[in-house]
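Each residue of the sequence shown is one higher than the last, beginning at 72 in the numbering used here. Backbone N, C-alpha and C fix where the C-beta goes; we use that ideal spot for every residue, glycine too. All figures in this text were calculated on a predicted structure; none of them were measured in a lab. Input: a single structure, listed below in structure tokens.
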Amino acid sequence: MCGIVGYIGKRSGTKVVLDGLEALEYRGYDSAGIALIDGEKSQVFKEVGRVSGLIKTISKQSDVSAPLVMGHTRWATHGGVTAENAHPQTNNDQTIFVVHNGIIENFSEIRTKLEASGYNFKSQTDTEVIPNLIDFYLKQLDSFEAAFKAALADVRGAYSIVAISVREPNTLYAARLSSPLVIGVGDGEHIVASDPSAIMDHTKKVIYLEDYDVAVVTAEKVQVQNLKDHNRIEPKVELLDFDNEQAVLGDFPNFMLKEIFEAPATIKTATLGRARADTGTVKLGGLETVLRQLKHIERIVIVACGTASYAGLIGEYLIEELAGIPVEVHLASEFKYRDEPFSRSTVLLAISQSGETADTIAAIKKVEDFGVLRLGVVNAVGSTIARMTDAGVYCHAGPERAVASTKAFIAQVTVLALIALHLSDGKHPQFKPLLKELEALPAKAQAVLDSAEDIKKIAEKYANYDSFLYIGRNISFPSALEGALKLKETSYIHAEGCAAGEMKHGTLALIDENFPTFAMATDSPLLEKTYSNIQEIRARGGPVVAIATEGNKAIKELADDVIYIPKCEEELQPILQQVAAQLFAYYIASKLGRNIDRPRNLAKSVTVE
Ligand code: F6R
């Protein structure tokens with residue numbers, strides 16, 4: 072949420088920062104801005120809308136080269152989407168510039184205090200207090216660094232902040248608390264960013280800042296101090312082991328479609344070297360260091376948000392069935408505020424694509440002092456959650472650019488199936504059949520993708536309804552929840568998921584000829600019960616689209632439209648159902664002319680509570 076890029080070095084940083092902002096635009100895309108400092112000269116440009124608009128404005132300027140540059144792409148929290156509220160924000164004298172990601176919770180208190188000292192405010196943002204607070208302390212303290220730290224000591228909330236000043240044209244100041252920042256180390260230059268995708272075209276060497284770290288960055292040097300223990304830290308330079316190649320659109324019209332079509336490769340990569348049907352083994356390198364602890368688990372608590380939480384619910388069915396370990400899934404935003412009895416035999420398992428979701432991070436922090444094992448199922452390598460958990464299994468789905476999560480969900484469910492199989496110790500009768508199924512799954516996902524044109528035709532028929540119900544039973548119930556989320560976030564059509572057997576307890580009242588249902592009706596011992604639920608809907612005039620297993624002729628009599636997926640072990644059906652449901656949501660959103668990769672009001676990587 073909000074993207075930050077800062078550059079200091081021997082060449083001009085303007086292009087580096089603008090390219091970086093484009094790479095980070097998936098984090099926030101309602102407005103963007105940039106500040107440049109060259110000696111005593113400063114320039115600020117801000118535009119409402121996409122980074123491309125900002126680039127256009129800047130391309131019309133004659134002199135925009137500067138060795139100290141920083142920029143921001145915004146997802147509004149405080150104050151509307153206006154140029155005044157876009158970042159960089161500045162102090163009254165326009166000598167200090169700040170970009171900020173996160174929320175300053177006590178901004179109104181600070182603002183009142185500063186107003187009493189004669190400061191004026193032009194924006195409605197919480198961020199504007201920061202440059203003014205630095206300015207306030209600069210009048211009392213002897214250095215910008217001291218004033219920056221004094222300002223940080225006053226603010227409450229979550230932040231990653233980059234600050235520059237015309238009085239310090241050779242230095243960039245950065246700080247983080249519960250919001251990511253990484254520094255790319257180049258040859259005579261440093262690039263600070265919210266995530267490595269803005270950096271990796273320039274260098275693979277990075278320093279991750281930790282909570283309470285303050286970095287003083289020049290072209291040649293990075294100094295880090297932790298404000299909690301006041302120690303100067305020797306920054307640890309790490310190597311990024313991925314690149315931006317996967318984030319290139321190729322022939323696809325948008326990232327969502329590209330990422331849906333990556334499902335077969337995603338399943339292959341998630342299982343590669345980990346699961347083998349011929350030897351009957353599941354080997355998860357990321358869990359090797361905690362194997363002994365895993366033998367004594369009595370309960371697993373999964374914490375996650377949105378799509379990742381629905382993957383978690385599927386994980387609950389898988390782990391309970393295959394490994395016999397009780398699992399609870401909590402929405403991370405709720406978990407952190409409840410009193411949950413915890414013993415050391417409970418394992419916390421966090422699931423996150425970005426590895427930066429503030430709610431999920433807070434949930435992990437909550438158990439920090441309980442002495443429990445914290446595991447992660449994370450996609451973004453080196454992200455905060457990947458680093459703060461004791462062990463885990465990477466999804467290896469590659470960068471996911473579209474805001475709506477598609478391939479990451481496929482990878483999360485695949486990895487959770489591997490974890491369930493691993494924890495089962497090979498004892499469950501489904502162990503071998505599922506290992507075999509995992510090997511066959513990429514080809515089956517491809518078969519679903521091969522029917523994209525048929526799914527498109529069906530989707531377009533349903534594009535003009537206002538509401539949709541998604542139903543499923545057993546492991547297909549969380550799949551229904553995820554299907555509904557995908558439709559609403561991409562098309563803005565209201566959709567809700569419901570356990571098929573639960574409909575009669577209330578939701579059925581919604582059904583009429585204007586309220587279609589998307590039914591997960593793939594082969595299962597409960598299929599006949601799902602048929603009965605579809606009959607209940609039909610009896611009330613509700614149109615039905617069903618996902619069914621190839622060869623099922625009976626469903627044609629029941630549903631108005633049928634999307635067939637290949638025969639598959641029930642435990643892994645949600646993966647194939649979702650490839651179909653993602654395409655269904657995609658084609659409806661596309662027919663309605665929605666902004667596919669950047670749905671309104673949303674952002675990827677939700678780094679505020
Ligand atoms: C929906 C979607 C979100 C995320 C959620 C968690 O398509 O993408 O619901 O799943 O914000 O994000 P991560 O997985 O990055 O923690």
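(message) Please output, in chain order, the residues near the ligand ADP using a CB cut-off of less than 5 Å to any non-hydrogen atom of the ligand.
(response) As presented, the structure is devoid of the ligand ADP, carrying the ligand F6R as its sole ligands.
(message) Just to check my reading of the structure: K675 and V474 have Cβ atoms closer than 8 Å, yes? What is that Cβ distance to the nearest angstrom?
(response) For this step, residue 675 is matched to residue 604 along the sequence shown. For this step, residue 474 is matched to residue 403 along the sequence shown. About 5 Å separates the two Cβ atoms, so the contact holds.
(request) Could you name the residues of the same chain whose beta carbon sits closer than 8 Å to that of L494, not counting the 5 residues immediately before and after it, in chain order? (result) Within the sequence shown, numbered from 1, the residue matching residue 494 stands at position 423. Cβ neighbours of L494 beyond the five flanking positions: L365, I368, I390, L393, A394, I396.
(request) Taking V293 as the reference, give the member of G321, M271, V263 with the closest Cα. (result) By 1-based counting over the sequence shown, the position of residue 293 is 222. Shortest Cα-Cα distance from V293 to any of G321, M271, V263 involves V263.
(request) State buried or exposed for R472, treating a residue as buried only when at least 16 other CB atoms are found within 10 Å of its CB. (result) Here residue 472 refers to the residue found at position 401 of the sequence shown. That one is buried.
(message) Only counting the same chain, and skipping five residues up and downstream in sequence, which positions put a Cβ closer than 6 Å to that of S547?
(response) Locating residue 547 in the sequence shown gives position 476, counting from the first residue. These residues qualify, in order along the chain: M591.
(message) Give me, in chain order, the residues of the same chain whose beta-carbon lies closer than 8 Å to that of V308; leave out the 5 immediate sequence neighbours on both sides.
(response) To locate residue 308, count along the sequence shown from 1; it is residue 237. Around V308: V256, K276, V277, I278.
(message) Judging by CA-CA distance, which residue of G99, P138, L520, P240 is the nearest neighbour of A157?
(response) Counted from its first residue, the sequence shown places residue 157 at position 86. Here the closest residue by C-alpha is G99.
(request) Specify whether the region 213-230 and the region 165-174 touch according to this definition: at least 3 beta carbon pairs, one from each stretch, less than 8 Å apart. (result) Contact between the region 213-230 and the region 165-174 is present, with at least three C-beta pairs closer than 8 Å.
(message) Quick check: the Cα distance between V519 and I608, rounded to an integer number of angstroms?
(response) Against the sequence shown, residue 519 aligns to sequence position 448. Against the sequence shown, residue 608 aligns to sequence position 537. Spanning the two alpha carbons is a distance of roughly 26 Å.
(message) Judging by CA-CA distance, which residue of N585, E584, E567 is the nearest neighbour of G577?
(response) Numbered from its first residue, the sequence shown carries residue 577 at position 506. Taking G577 as reference, the option from N585, E584, E567 with the minimal CA-CA separation is E567.
(request) Drop a sphere of 10 angstroms on the beta-carbon of K503, count the other beta-carbons inside from all chains shown, and report buried for 16 or more, exposed for fewer. (result) To locate residue 503, count along the sequence shown from 1; it is residue 432. K503 should be labelled exposed.
(request) Provide the residue span of the alpha helix (DSSP H) that contains Y388, from first to last. (result) As a first step, residue 388 is located in the sequence shown; it is residue number 317 there, counting from the start. Residue range 377-394 is occupied by the alpha helix (DSSP H) that includes Y388.
(request) Measuring alpha carbon to alpha carbon, tell me which of E199, H301, L139, F207 ends up nearest Y244. (result) Translated into positions along the sequence shown, residue 244 becomes position 173. Sorting E199, H301, L139, F207 by C-alpha distance to the C-alpha of Y244 places L139 at the top.
(request) Please list, in chain order, all residues of the same chain as L204 whose beta carbon is under 7 Å from its beta carbon, the five residues on each side excluded. (result) For this step, residue 204 is matched to residue 133 along the sequence shown. Excluding sequence neighbours, L204 sits near I181, L185, A222, D225.
(request) Return the residue from the list D430, G453, R415 that minimises the CA-CA distance to R445. (result) As a working mapping, residue 445 is identified with position 374 in the sequence shown. Taking R445 as reference, the option from D430, G453, R415 with the minimal CA-CA separation is R415.
(message) Whether or not the region 457-473 and the region 336-354 are in contact is what I'm after, with contact meaning three or more pairs of Cβ atoms, one per stretch, closer than 8 Å; do they touch?
(response) The way I'd put it, the region 336-354 does touch the region 457-473; three or more beta-carbon pairs between them come closer than 8 Å.
(request) Give the straight-line distance between the Cα atoms of D213 and E111, rounded to the nearest whole angstrom. (result) Along the sequence shown, one-based indexing puts residue 213 at 142. Along the sequence shown, one-based indexing puts residue 111 at 40. About 20 Å.
(request) Flag this pair as yes or no: are the beta carbons of N297 and S231 separated by less than 8 Å? (result) Here residue 297 is taken as the residue at index 226 of the sequence shown, counted from 1. Here residue 231 is taken as the residue at index 160 of the sequence shown, counted from 1. No.
(request) May I have the straight-line CA-CA distance separating T144 from I174, to the nearest angstrom? (result) As a first step, residue 144 must be located in the sequence shown, where it is residue number 73. As a first step, residue 174 must be located in the sequence shown, where it is residue number 103. Cα-Cα distance, rounded: 15 Å.
(message) Please give the ranges of any alpha helix (DSSP H) in the region 308-356, keeping only runs that are unbroken, at least 4 residues long and fully inside the region.
(response) Runs of the alpha helix (DSSP H) inside the region 308-356: 326-332, 334-342.
(request) Look at the alpha carbon of L310 and the alpha carbon of V452, and state the distance between them as a whole number of angstroms. (result) As a working mapping, residue 310 is identified with position 239 in the sequence shown. As a working mapping, residue 452 is identified with position 381 in the sequence shown. So the two alpha carbons sit approximately 11 Å from each other.
(message) Can you tell me whether N162 is buried or exposed? The criterion is at least 16 other CB atoms within 10 Å of its CB, across all chains shown.
(response) By one-based count along the sequence shown, residue 162 stands at place 91. N162 comes out buried.
(request) Give the DSSP-derived three-state secondary structure of K638 in the structure shown. (result) To locate residue 638, count along the sequence shown from 1; it is residue 567. Three-state DSSP puts K638 in coil, outside helix and strand.
(request) Tell me whether Q606 is buried or exposed, calling it buried when 16 or more other Cβ atoms sit within 10 Å of its Cβ. (result) Taking the sequence shown and counting its residues from 1, the one referred to as residue 606 is at position 535. For Q606, the number of other beta carbons within 10 angstroms of its own is below 16, and it is reported as exposed.
(request) Measure the CB-CB distance between I542 and Y658 and report whether it falls below 8 Å. (result) Here the question's residue 542 lines up with position 471 in the sequence shown. Here the question's residue 658 lines up with position 587 in the sequence shown. With contacts defined as CB atoms closer than 8 Å, I542 and Y658 fail to qualify as a contacting pair.
(message) Please report the straight-line C-alpha distance between A246 and N666, rounded to a whole angstrom.
(response) Residue mapping note: residue 246 aligns to position 175 of the sequence shown, counting from 1. Residue mapping note: residue 666 aligns to position 595 of the sequence shown, counting from 1. Cα to Cα, the separation comes out at about 33 Å.
(message) Taking 6 Å as the limit between beta carbons, can you name the residues of its chain near I634, skipping five residues before and five after?
(response) Taking the first residue of the sequence shown as 1, we reach residue 634 at position 563. Only I526, I618, A651 meet the Cβ criterion.
(request) Take K407 as the anchor and find which of V372, V135, N604, K638 has the nearest alpha-carbon. (result) Numbered from 1 along the sequence shown, position 336 holds the residue referred to as residue 407. Nearest of V372, V135, N604, K638 to K407, Cα basis: V372.
(request) Could you pull out every unbroken beta strand (DSSP E) segment of at least 3 residues lying fully inside the region 442-498, listed in chain order? (result) Taking 3 residues as the shortest admissible run, the region 442-498 contains the following complete beta strand (DSSP E) segments, listed from N- to C-terminal end: 444-449, 462-465.
(request) Kindly indicate the opening and closing residues of the beta strand (DSSP E) around N203. (result) Position 132 of the sequence shown, counting from 1, holds the residue named residue 203. Taken as a continuous stretch (DSSP letters only), N203 belongs to no beta strand (DSSP E), being part of the alpha helix (DSSP H) at 200-209.
(request) Go ahead and pull the three-state DSSP assignment for P240. (result) Residue numbering aside, residue 240 sits at position 169 when the sequence shown is read from its first letter. In the displayed model, P240 falls within a strand according to three-state DSSP.
(request) Leaving out five residues on either side along the sequence, give the residues of the same chain with a beta carbon under 8 Å from the beta carbon of L598. (result) Position 527 of the sequence shown, counted from the start, is the residue given in the question as residue 598. Answer for L598: A592, listed in chain order.
(request) Closer than 6 Å by C-beta to I646: which residues in its own chain qualify, once you throw out the five before and the five after it? Chain order, please. (result) On the sequence shown, position 575 is the one that residue 646 refers to. Here the set comprises I481, V484.
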